[in-house]
Structure formats: C-alpha cells, structure tokens
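Reading through the structure tokens given below for one structure.
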Amino acid sequence: MRRHGKVLACRHQCTSEKGFSHTPVMLREVIESLGIQQDQTFLDLTFGAGGHTKHILAAAKGVRVFALDRDPTAYRRAQEMAKQYPAGQLVPLLGRFSELGPLLEREGVSLGSLDGALVDCGCSSMQMDDPQRGFGLARQGPLDMRMDAARFPGEPTAADVVNFLDYDSLVQVLKLYGEEKRAKKVAQAIVDSRFLMKNLRTTTELARIVEVALADIHGDSGSSVDSLGRPSHPATKTFMALRILVNNELNELHWALSLLRRWLRPGARLAVLAFHSLEDRIVKRHFQGVDMSEPVDIAQRLRNAAVWHSAEEMVSERQHHWQPLGPLQLPSRIETEHNPRSRSAKLRVAERTAIA
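Reminder that position 194 of the sequence shown reads as 194 in full-length UniProt numbering, one-by-one numbering, no gaps.
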C-alpha cells in the first residue's frame, strides 16, 4: 500500500530525458482500476510519452509491461525507457492496434495470458506539441497528421484530404468524425480556397480559413467554449476530424478491443481512456456485447441467428465477453484545471469474462 501511495502521489508532470513534459490523464483512476498485483503482465496501448507505463511498472513488484505505439518516435522513447529496467520488464512494440497479434506472438505471449491492459485513445501530447507533425493549430507546420508517416510514407496526409476530397465527402468527414454542426460552411470554405487561392499546405492556413468561415457578420470569431468555460478555437473540430480520418483511428480502436478479448485472461481488467464521443461509443458497445459489424439491433440479431444455430450456440451468442466495472469515470475538476487536455477524457473499465 505504501508503494502504491507513492506511485499515485507522482501523478503530476513527468519529464523525459529530452525535457518533454507529460502529464498522464486520470493516472490515479487508471492505476486503481487495473488492480495491479505482483508479477503480473500488462499491455499499454499506447505508450506515448510513457507516463502510464512508468506508473504501471511501479505499482507492484515484478510487474511486466508490453508497450505498443504506432509512432516510431514514441517507440524509440520506449526503447530508451526500457534500459532503465531489468531486461524484459518493459518490452516496446512498434505497430498499430491492428498489428497487435503478430507482435505479441513474436514475443512468445500466449493467448489468454495477459493480466490487464490500458487503451489510451487519440494522439499524444508529444505529437500535439510538435508543429512539424501537423496535429496542432496553434503553431505553423505542415498539414500532415500521420502518426506513423515514417513507416507508411505513401499514405494520405491531412493536406491530401482537404485539397482533393470533394465537397460532399468533406461534409461527411467533418460531421462524422468532428461532430461539426457547421460542416457545410467549413467544407465550402475549404473547397473555395482551392480555386481562389491555392492548395492548403500548413496548419495555420487551414485554421485561419475555418476561423473566417465560421465568423458571423457581427465579427464573432466562431469560437466555442470548453467544459471549463475557456474559448476553444473554431477549427478544433475540423482538425480532430482530419486526424481521426487520416489515422483510421476508430477502426483501429475496434481492432484493439476485438483483439484484446483474445489476449487477456479471464478476470483480467481492461481500462480504456476515450477523448471523443465516437471513441466512447465504440468502447461502450464492445463492453455491452454489441457486435460492431451488425447494423441491426441485438434482439433482431439473436432472432436471425436462432434460425441457423443450435441452442448451445445461441447461449454463447447471448453471453458477453466483458463485464463492465462501475460507472463511467470522468477527470476531477482539479485535474482539468491543471491539465486541460484531460477535460474530454472518459474512462471505462471492464473485466474479461470466462467466455471464449
């Protein structure tokens, strides 16, 4: 208990060897929810700057962590951190959520053997704070937003999306991934900019175009406010939508939750930090046993399945792979004041059932 308390006391900023400052979101809640015990093995998706990984390792004696990240920069940081621990205690993995299976097999991990996992959705602070990555709108940088551009240099960038996607497709992207109510106005401004000026290449160019498009005739900047009442840039939702599309984030999250069902042992806990309503909806549906590939409701799906499957198979169909633990958790007001990026976080925790 003394060791655990020491871990939770260090919930504020952690600074890497290169001076990068990182504050893990909902650290106390995450560590407590995982129920970490001595000599257990955990999976951290994603490593990011290593804040959660570091505290999982420190929570009990002999804990081992496989830390996955699709970003080569984060992977190198994990390799550096691994040198601070005994060999094999921290094992960095480079890849997307959908690549998890082969990576764990390569490390000799058996199906159904992991004691717990953390999924931390979205982009990391280090990605957001590097203007050359193109995630943030505060400073000028190339309109890129790819999390693993070094591994897949030929995949589309955010600039490719805004410069070549047609109007209707842009509207759909902004509505679906950004939940932007003024998607048509933003999409029209982007399309108009192609003909009136030039293709968009930088983050500040796009941010300015969206800001002007959403400003009303009275000069209102179009800004909204966050949960703390602070102004939010009008292009925030546009940037989020592009990032989610470019990195296929929602499909990758679905893959993660589907694969973890196979790699976690019965009784293992899964904690998921979501920062977007669509992410949280996917997590909630997985935990409630909803088949994400089926458009019809559960009752109808079971009625249809009963036509083709035996009674024994139907019993299994009705059983859930996850047992949700407790209600949805949100960051405290104190945390959101000290770490504004935590303000949209939602933590859900579930336990792996014994159902195969």
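Don't be surprised by glycine CBs; every beta carbon is placed ideally from N, CA and C.
Outcome for residue i when other beta-carbon atoms lying within 10 angstroms are tallied against a minimum of 16
i, result
"PRO86", "exposed"
"GLY88", "exposed"
"VAL212", "exposed"
"TYR75", "buried"
"ASP39", "exposed"
"LEU328", "exposed"
"ILE56", "buried"
"MET197", "exposed"
"LEU266", "In the sequence under discussion, the amino acid at residue 266 is Pro, which differs from the Leu named in the question. Exposed is the call here."
"LEU111", "exposed"
"GLY154", "exposed"
"GLY326", "exposed"
"ALA82", "buried"
"LYS181", "exposed"
"ALA150", "exposed"
Beta-carbon separation (whole angstroms), residue i vs residue j, contact threshold 8 Å
i, j, result
"ALA49", "ARG77", "7 Å"
"TYR177", "ALA241", "4 Å"
"LEU137", "ALA158", "Rounded, the Cβ-Cβ distance is 11 Å, inconsistent with contact."
"LEU93", "PRO72", "Between PRO72 and LEU93 the Cβ distance is about 12 Å, and since that is not below 8 Å, they are no contact."
"ALA189", "VAL173", "Not really, about 14 Å apart at Cβ, beyond 8 Å."
"PHE135", "ARG243", "6 Å"
"ALA350", "LEU100", "Contact flag wrong, Cβ pair sits at about 18 Å."
"VAL25", "ASP44", "About 13 Å separates the two Cβ atoms, so there is no contact after all."
"LEU90", "ALA58", "The Cβ separation is near 11 Å, so there is no contact."
"TRP322", "LEU104", "Contact doesn't hold; Cβ gap of about 19 Å is too wide."
"ASN339", "THR53", "Actually they do not touch by this definition, with Cβ atoms about 18 Å apart."
Separation of residue j from residue i, as counted between CA atoms
i, j, result
"PRO324", "ALA271", "10 Å"
"ALA183", "ARG343", "24 Å"
"VAL186", "ALA268", "44 Å"
"VAL161", "ASP129", "22 Å"
"LEU206", "GLY108", "46 Å"
"PRO156", "LYS61", "44 Å"
"ARG348", "VAL283", "8 Å"
"ARG208", "GLN37", "50 Å"
"HIS320", "SER33", "20 Å"
"LYS237", "ASN199", "20 Å"
"GLU279", "ALA345", "10 Å"
"THR41", "VAL30", "16 Å"
"ALA274", "ASP192", "34 Å"
"SER113", "PHE47", "20 Å"
"LEU214", "GLU179", "15 Å"
"ARG146", "PHE239", "12 Å"
"HIS254", "ARG261", "11 Å"
"LEU170", "LEU245", "11 Å"
"ARG285", "CYS123", "22 Å"
"LEU330", "PHE195", "44 Å"
"MET126", "ARG133", "10 Å"
"SER232", "GLY35", "36 Å"
"THR336", "LEU118", "21 Å"
"GLN84", "ARG28", "23 Å"
"THR204", "PRO234", "12 Å"
Which residues DSSP lists as bridging residue i, in chain order
i, result
"ALA350", "LEU270 and PRO324"
"ARG103", "It should be pointed out that residue 103 corresponds to Leu in this sequence rather than to Arg. Per DSSP, none; premise fails for LEU103."
"GLN40", "According to DSSP, GLN40 bridges with nothing at all."
"PHE66", "LEU43 and VAL91"
"GLN329", "LEU347"
"THR202", "PRO142"
"LEU264", "LEU114"
Any non-hydrogen atom of the ligand FMN closer than 8 Å to residue i Cβ
i, result
"ARG151", "The ligand FMN is not part of this structure, which contains no ligands at all."
Self-check item: Contained beta strand (DSSP E) runs [length at least 3] in the stretch 77 to 143, N- to C-terminal order
Solution: Runs found: 90 to 94 and 114 to 120.
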